[in-house]
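Heads up: the sequence lines are chains A and B, in that order. Residue 292 in our numbering sits at position 244 of the first sequence, with consecutive numbering throughout. Residue 240 in our numbering sits at position 136 of the second sequence, with consecutive numbering throughout. From the three backbone atoms N, C-alpha and C, an ideal C-beta is built for every residue, glycine too.
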Amino acid sequence: MWLHPSNPQLDKKGQLHHLLTLEGLPAEILWQILDTAKTFVGTKVKKVPLLRGKSVFNVFFEPSTRTRTTFEIAAKRLSADVINLNVTVSSQSKGESLLDTVDNLSAMHADMFVVRHGESGAPHFIARHVAPDIHVINAGDGRHSHPTQGLLDMYTIRHYKKDFSNLRVAIVGDILHSRVARSQIHALATLGCPEIRVIGPKTLLPAHVEQLGVHVFHDMRQGLKDVDVVTMLRLQNERMQGALLPSAQEFYKYYGLTQDKLALAKPDAIVLHPGPMNRGVEIDSSVADGRQSVILPQVTFGIAVRMAVMSIMAGNK
Amino acid sequence: MPGNPLPDAEQLLTALIEQMRPAVGPDTGLIGIHTGGVWVAERLHQALKPKTPAAALDVSYYRDDYAARGLHRDVKRSEIPFEVEGRDLILVDDVLYTGRTIRAALNELFDYGRPASVRLAALVDRGGRQLPIAAQFIGATLTLRPGQNIALKRDAKGRLSLELREEAK
């Protein structure tokens, strides 16, 4: 057994081998990723030769534009060769199993898989199956985890707020279906954020969410009071089954981030959104484009964070 | 220091400054290699006062031992606050050994532009080159046994000193 006995993301030396979830990832590794990412932000030279000759396969079983593109840019800026596979429209529809797909891609000499899948746990499954020299990055699995998004959110918060130890962070909206929210909560807790709030209607909060160590609010006005960071989530219509919400209009009325609700947060509070945004559903356009919004810097930092993850992982044997 | 077989780093620095003085003009770019080389470059810059600000290079993304040893734990940002294109440059490192760090630094430099010339300054040359690389400015030449390493240290007051380290067998 070459992986760490208690954490399948780490090798025997405790170094990052796969990135599957931020849950249980040691703070030291999170800090290393954030510090390394900083070396890629705003540099004059965009491309470095670190991953020359390596092949990164973006394997997306679920559609995505932003995440796939930023992974592709990150890999290319490290000089890796990138192969994009949109599996939803190819083999799987012909009936090939997940493992057969992965075996075939491994036979094409992949060094790294970036996997997005609609089923929670699919990247873990692949990571357990691949040869020991192949690395797997989870680019979002079901409702479970989206570690690089969580990391880029942490990078963004650190960039603007410098330090986590005095922060009050509110995560607002559809927590139930959000792999982003789970990743943010785990990362914030590991990095020492003392107060994490989740705000949303009962139907869009997971049962027993308090057990993650967060404070629960159903009234957004109460929840936003004096927070330093507001992170909005997308209303995930595609994952909703049954009547969890009366209507998008009603959701906007109670949980949409408008200027007057944002005014309850600290005056220098920043607003994050993982994208894609539903303007007028979870966020008002004037907030999305306003002075407190850091939504576009998030995208830029996302490339640096993904470069950091790949450069650290690919160097670990 | 009694019992310390290594020369005094501050004296070597003074010698290096005097060697370099005729070669450093107002537009010369001094580029230190992290971490020790950056300290030396800062001191050279203070003494020789070129108009061009001092620069710092971290060669971690250009190293040839990445595949074997992985990414350095504490990568710093490379900061070259001037135009490299067409400029006379001096790379500065603390200890010159195999020459592989300098190879990586040259590759990184050329991603910034095509300098007019690149010369190399090292506080200590300990021999053992594995590549055809030579320094034009050297504080001292030392002979060390394989397994012995020297590292530059900087104390709270900014004073530089050399430390001998025996590699664990």
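Under DSSP, the beta strand (DSSP E) around residue i begins and ends at which residues?
i: B/Asp197; result: Asp192 to Leu200
i: B/Ile137; result: Gly133 to Ile137
i: A/Leu129; result: First, the residue type needs correcting, since residue 129 of chain A is Asp and not Leu in the sequence shown. Residues Asp129 to Asn134.
i: A/Ile351; result: No beta strand (DSSP E) contains A/Ile351, which is instead part of the alpha helix (DSSP H) from Ile343 to Ala362.
i: A/His263; result: His263 to Phe265
i: B/Glu270; result: Leu264 to Glu270
i: A/Leu320; result: Ile318 to Leu320
i: A/Ser103; result: Ser103 to Phe108
i: A/Glu243; result: Glu243 to Ile247
i: B/Phe241; result: Phe241 to Thr245
i: B/Val179; result: It is not in any beta strand (DSSP E) - B/Val179 carries neither H nor E in the DSSP assignment.
i: A/Val93; result: Here A/Val93 belongs to no beta strand (DSSP E), and DSSP marks it neither H nor E.
i: A/Thr279; result: Val277 to Met280
Determine the DSSP secondary structure at residue i, reduced to helix, strand or coil.
i: B/Val222; result: strand
i: B/Val144; result: helix
i: B/Met124; result: helix
i: A/Arg327; result: strand
i: B/Gln252; result: strand
i: A/Thr69; result: coil
i: B/His149; result: helix
i: A/Met156; result: coil
i: B/Asp215; result: helix
i: B/Lys257; result: strand
i: A/His165; result: strand
i: A/Met49; result: Residue placement at A/Met49 is flagged as unreliable, the pLDDT there being 40, under the threshold of 50; the coordinate-derived value follows with that caveat. Residue state, collapsed to three classes: coil.
i: A/Gly188; result: strand
i: A/Asp59; result: strand
i: A/Leu217; result: Residue identity check: residue 217 of chain A is Val in the sequence provided, not Leu. Strand.
i: A/Ser54; result: coil
i: B/Ala159; result: strand
i: A/Phe88; result: coil
i: A/Ile121; result: helix
i: A/His177; result: helix
i: A/Thr113; result: coil
i: B/Ile206; result: helix
i: A/Glu258; result: helix
i: B/Asp229; result: strand
i: A/Leu82; result: helix
i: A/Leu253; result: coil
i: A/Leu146; result: helix
i: A/Leu64; result: strand
List the endpoints of the continuous alpha helix (DSSP H) containing residue i.
i: A/Ile233; result: Arg227 to Thr238
i: A/Thr196; result: Pro195 to Lys209
i: A/Gly271; result: Met268 to Gly271
i: A/Val335; result: Ser333 to Ala336
i: A/Ala301; result: Inspection of the sequence shows that residue 301 of chain A is occupied by Lys rather than by Ala. Start and end: Ala296 to Tyr303.
i: B/Gln234; result: Note, B/Gln234: premise wrong, no alpha helix (DSSP H); not H, not E.
Smallest Cα separation from residue i: which of the options?
i: B/Arg158; options: B/Ser182, B/Thr247, B/Ala172 and B/Gly262; result: Per the sequence shown, the amino acid found at residue 158 of chain B is Ala instead of Arg. The shortest Cα separation from B/Ala158 among B/Ser182, B/Thr247, B/Ala172 and B/Gly262 belongs to B/Ser182.
i: B/Ile121; options: B/Pro130, B/His149, B/Leu246 and B/Asp192; result: B/His149
i: A/Pro324; options: A/Asp316, A/Ala336, A/Gln270 and A/Val163; result: A/Ala336
i: A/Ile182; options: A/His194, A/Gly198 and A/Asp151; result: A/Asp151
i: A/Phe173; options: A/Lys124, A/Arg216, A/Asp308 and A/Asp148; result: A/Asp148
i: A/Lys314; options: A/Gln297, A/Asn214 and A/Met355; result: A/Asn214
i: B/Ile237; options: B/Gly262, B/Arg167, B/Ala225 and B/Ile135; result: B/Ala225
i: A/Tyr300; options: A/His256, A/Asp222, A/Arg230 and A/Ile343; result: A/Asp222
i: A/Gln307; options: A/Asp189, A/Ile331 and A/Asn186; result: A/Ile331
i: B/Gly141; options: B/Tyr166, B/Ala113 and B/Tyr165; result: B/Ala113
i: A/Leu281; options: A/Ala218, A/Ile244 and A/Ala311; result: A/Ala218
i: A/Val357; options: A/Ala187, A/Lys60, A/Ala158 and A/Met156; result: A/Ala187
i: A/Gln346; options: A/Asn106, A/Asp201 and A/Gly62; result: A/Asp201
i: A/Glu258; options: A/Gly72, A/Ile360, A/Glu243 and A/Ser193; result: A/Glu243
i: A/Val104; options: A/Ala85, A/Ser154 and A/Leu344; result: A/Ser154
i: B/Pro250; options: B/Ala272, B/Lys153, B/Gly190 and B/Leu161; result: B/Ala272
i: B/Asp212; options: B/Arg125, B/Val188 and B/Thr139; result: The amino acid at residue 212 of chain B is misidentified as Asp; the sequence shows Glu. B/Glu212 has its Cα closest to that of B/Val188, out of B/Arg125, B/Val188 and B/Thr139.
i: A/Thr136; options: A/Val178, A/Asn106, A/Lys60 and A/Leu99; result: A/Asn106
i: B/Pro185; options: B/Thr156, B/Ala260, B/Ala145 and B/Met124; result: B/Thr156
i: A/Asp316; options: A/Lys273, A/Gly62 and A/Ala352; result: A/Lys273
Contact defined as beta carbons within less than 8 Å: I believe residue i pairs with residue j. What is the distance between those atoms, to the nearest angstrom?
i: A/Phe349; j: A/Thr204; result: 5 Å
i: B/Arg263; j: B/Leu246; result: At roughly 20 Å, the Cβ-Cβ gap does not stay under 8 Å, so B/Arg263 and B/Leu246 are not in contact.
i: A/Arg191; j: A/His225; result: 6 Å
i: B/Ile254; j: B/Val199; result: 6 Å
i: A/Pro254; j: A/His266; result: Contact flag wrong, Cβ pair sits at about 14 Å.
i: A/Asp189; j: A/Ala170; result: 5 Å
i: B/Leu235; j: B/Gly190; result: Rounded, the Cβ-Cβ distance is 26 Å, inconsistent with contact.
i: A/Lys102; j: A/Ala296; result: The pair is not a contact, with the Cβ atoms about 43 Å apart (cut-off 8 Å).
message = For the stretch 94 to 101 of chain A against the stretch 56 to 71 of chain A, do three or more pairs of beta-carbon atoms, one drawn from each stretch, fall closer than 8 Å, so that the two count as touching?
response = no
query = For the 8 Å Cβ check, are there 3 or more pairs between the stretch 113 to 132 of chain B and the stretch 219 to 239 of chain A?
reply = no
query = Does the stretch 103 to 123 of chain A come close enough to the stretch 70 to 84 of chain A that 3 or more CB-CB pairs lie under 8 Å?
reply = no
query = Counting pairs of beta carbons, one from the stretch 160 to 170 of chain A and one from the stretch 205 to 212 of chain A, are three or more of them closer than 8 Å?
reply = no
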